[in-house]
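Before any comments, here is the structure.
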Amino acid sequence: MSVTPTTPLRVGNASGFYGDRFSAMREMLEDGRLDVLTGDYLAELTMLILGRDRLRDPDLGYARTFPRQMEECLGLAADRGVAIVTNAGGLNPAALAARLRDLAVRLGVDVRVAHVEGDDLLGRAAELDLGRPLTANAYLGAWGIAEALRAGADIVVTGRVTDAALTVGPAAAHFGWARDDYDALAGAVVAGHIIECGAQATGGNYAFFTELAAAGHDLTHPGFPIAEVHGDGSAVITKHDGTGGAVTTGTVTAQLVYEVAGARYPGPDVTARLDTVRLTQEGPDRVRVAGVRGEAPPPDLKIGLNSMSGFRNDMALVLTGLDLDAKADLAERQVRAALKGREPARLAFHRSRAHQVPAGGVADRDAASGDLDAPEQDAASVHLRIEAADPDPRKVGRSFGAAVVELALASFPGFHATAPPGDARPDGVGFSAAYRPASAVPHTAVLPDGTRVDVPPPRDTAVLTPVPEPPPPDPWPPGPTRRAPLGRVAGARSGDKGSDANLGVWVRGEDEWRWLVHTLTVDELKRLLPETAPLTVTRHVLPGLRAVNFVAEGLLGGGAGSGPRSDPLAKGLGEWLRGRSVDIPEAFLP
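Numbering (our numbering), first residue to last: 4 to 593.
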């Protein structure tokens, strides 16, 4: 290990996505002490949005909210000595860095701005056999950020780096870590992964949110998270005193199992072993993360590719009361007939019940015929969503919506739509990941004085292989059970990884773990979530977190929010699972 300072580095986060709470940057700077403030603005869908921006204006391609945030907060950050590290540069980090320099001059704030580039491979797509994407960006690591901070940068702007790199870079610079300090790097990766999604680590989107509220935690305006990173890579996850939300082993576990898949969590600098993570509640809103082991990174970098296949539109009709199947069939026949000769390349009809029968109501007696004895009209209704997609925007523009609306007096009884027709919008289809040797991808830190420093690829690498599933604990002994929703004992969090859905499920006690790991198998998941039944589903076991993680391949269609599901990014998949009923040992239920 390198010689390191003894004081922890306080790294806060003020953004988990492009569109997160605008005021979070000021709140994080004003509410307590920080050394570094990070902002994560990039996701697979965000890169598509920025790609469209760049098509309209080559000078764009970065998160346009970030300069407005910095106009409010640049002087505050400088006064408090807080370094800013962000991937808001997106597809154009040099342009954002230049804009921030101009802003600093205009505001009279003396700051040094650096940026990191090399991830954008669009101009080399043919050379690297990447096809003809709209965007092509490699996931770079932390060492360009570290170089910039070591050179005295107050602000570091990057393009597509890994989310955790925003934390690892400052920690590596502060503690003087070497490229092969794998355990320390892995610990910082885990800390960065925990805080990268903002308030998701402080009670946001938390499965047991009602328990936090019952314990007196105010979730109205949760604070954003902080990682106090130590020289050995361990960290304490916390938040500013007096801010909303909560930091517990549960909220941290929820974020740890989010979009990670197996026990090996690969990155460009290190592969972190998630099966070695240990969490300890040290006090109110303080969770220690320790024990993380690291391994050499894989030889290839991940490259995210987005393509835009055309345009899309949709209309939603409301079916109410009796004969829902017949009403849906009639509407589909009529719409297809109305569009004959100009039918879009993709025309799909999806039916979903948007409302449940309220408490005290009578359940659906015959779902096939839709014979609902419901006390409210919304509870007696379902939506028929009609989706159209085509490379030609004219085929899915207002004329498509008009063809549907023209049926208003000539179709099924009760015909009405949820909204008037709209125009076609770009259809972002086809997020995919390619892998190319790290040596083929440039990684350059452009320092505040303009000096360009090339960051070499890792010297030592290791091909990624699955970790053998550990022996399970003894199963929970047979005994009385009760039919109840899985979510009465298990938490979950889910999301998208390209076209795949990722679903983490955890429990809080060892007894519940003995039951869960033997009960929630791939076959059981497919039974509970029938949409996954025809797909390849892989389960990963993480005993240290009392968690299992599932990857359902292809559930999300083309990825980047392009699929036909009403939840195209699988954010609600975990809550659907928690709402499904299973036989739970009575010992676990109140």
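Using N, Cα and C, we set each Cβ at its ideal position, and we do this for glycine too.
- Separation of Ala210 and Trp516 (C-alpha to C-alpha, rounded to the nearest whole angstrom) is 17 Å.
- The beta carbon of Phe25 sits closer than 8 Å to those of Thr68, Arg71, Gln72, all from its chain and outside the five residues before and after it, given in chain order.
- According to the DSSP secondary-structure assignment, Arg349 is paired through a beta bridge with Ala392.
- Rounded to the nearest whole angstrom, the C-alpha separation of Val408 and Asp430 is 23 Å.
- Inside the segment 94-150, DSSP marks whole beta strand (DSSP E) runs of 3 or more residues at positions 116-120, 138-141, from first to last along the chain.
- If the five residues before and after Leu467 are omitted, its C-beta is found closer than 8 Å to the C-beta atoms of Arg267, Pro269, Thr274, Pro301, all from its own chain and listed in chain order.
- The beta strand (DSSP E) runs of length 3 or more contained entirely in the segment 263-344 are, from start to end of the chain, 274-276, 281-286, 289-293, 296-298, 303-323.
- Looking only at Leu308, Val280, Pro271, the smallest Cα-Cα distance to Asp132 is reached by Leu308.
- In terms of Cβ geometry, Glu30 and Thr246 form a close pair [threshold 9 Å].
- Counting C-beta pairs with one atom in each stretch, the segment 335-348 and the segment 467-485 have fewer than three that are closer than 8 Å, which means they do not touch.
- Proximity to Pro473 across Pro96, Ala129, His521, Gly155 peaks at His521, based on C-alpha coordinates.
- Distances from the alpha-carbon of Leu45 to those of Phe178, Val540, Gly22, Phe418 put Gly22 closest.
- Leaving aside the five residues that flank Phe403 on each side, the residues in its chain whose CB is nearer than 6 Å to its CB run, in chain order, Asn316, Ala391.
- Shown here, Pro451 sits in coil according to DSSP, grouped into three states, outside any helix or strand.
- Per DSSP, the beta bridge partners of Arg496 are Gly507.
- Out of Glu199, Arg581, Arg397, the CA that lies nearest to the CA of Ala348 is found in Arg397.
- The alpha-carbon separation between Gly155 and Ile148 amounts to approximately 11 Å.
- Residue burial is scored here from C-beta neighbours: Ser502 has at least 16 other C-beta atoms within 10 angstroms and is therefore classed as buried.
- When Ala204, Leu169, Thr205 are compared, the shortest CA-CA separation from Leu188 is found for Leu169.
- Pro445 and Thr165 have their C-alpha atoms some 15 Å from each other.
- When rounded, the separation of the alpha-carbon atoms in Ile158 and Trp518 is 49 Å.
- Gly425 sits exposed, since fewer than 16 C-beta atoms from the chains shown fall within 10 Å of its C-beta.
- Beta-bridge annotation (DSSP): Pro588 is paired with Thr484.
- Less than 9 Å divides the Cβ of Val585 from the Cβ of Pro488.
- Taking all protein chains shown into account, Val116 has 16 or more neighbouring C-beta atoms within 10 Å of its C-beta and is therefore buried.
- Our two residues, Trp579 and Gly494, have alpha carbons roughly 11 Å apart in a direct line.
- In chain order, Leu12, Ala191, Val232 place their CB closer than 6 Å to the CB of Ala174, counting only its own chain and leaving out the 5 sequence neighbours on each side.
- A straight line joining the alpha-carbon of Ala331 with that of Arg542 spans about 37 Å.
- Judged by beta-carbon spacing, Gly248 lies within the 9 Å limit of His220, meaning their Cβ atoms are closer than that value.
- Between Phe314 and Asp186, the C-beta gap is not smaller than 9 Å, which leaves the two residues out of contact.
- Closest in alpha carbon position to Thr251, among Gln203, Gly265, Val263, Tyr261, is Gln203.
- DSSP assignment within the segment 523-549 yields the following whole beta strand (DSSP E) runs of 3 residues or more, N-terminal first: 540-545.
- Ala27 sits away from Thr49, with the two beta carbons spaced by 9 Å or more.
- Rounded to the nearest whole angstrom, the CA to CA distance from Leu277 to Leu110 is 44 Å.
- Taking Gly577 as reference, the option from Ala465, Asp288, Glu262 with the minimal CA-CA separation is Glu262.
- Listed as beta-bridge partners of Tyr185 by DSSP are no residues whatsoever.
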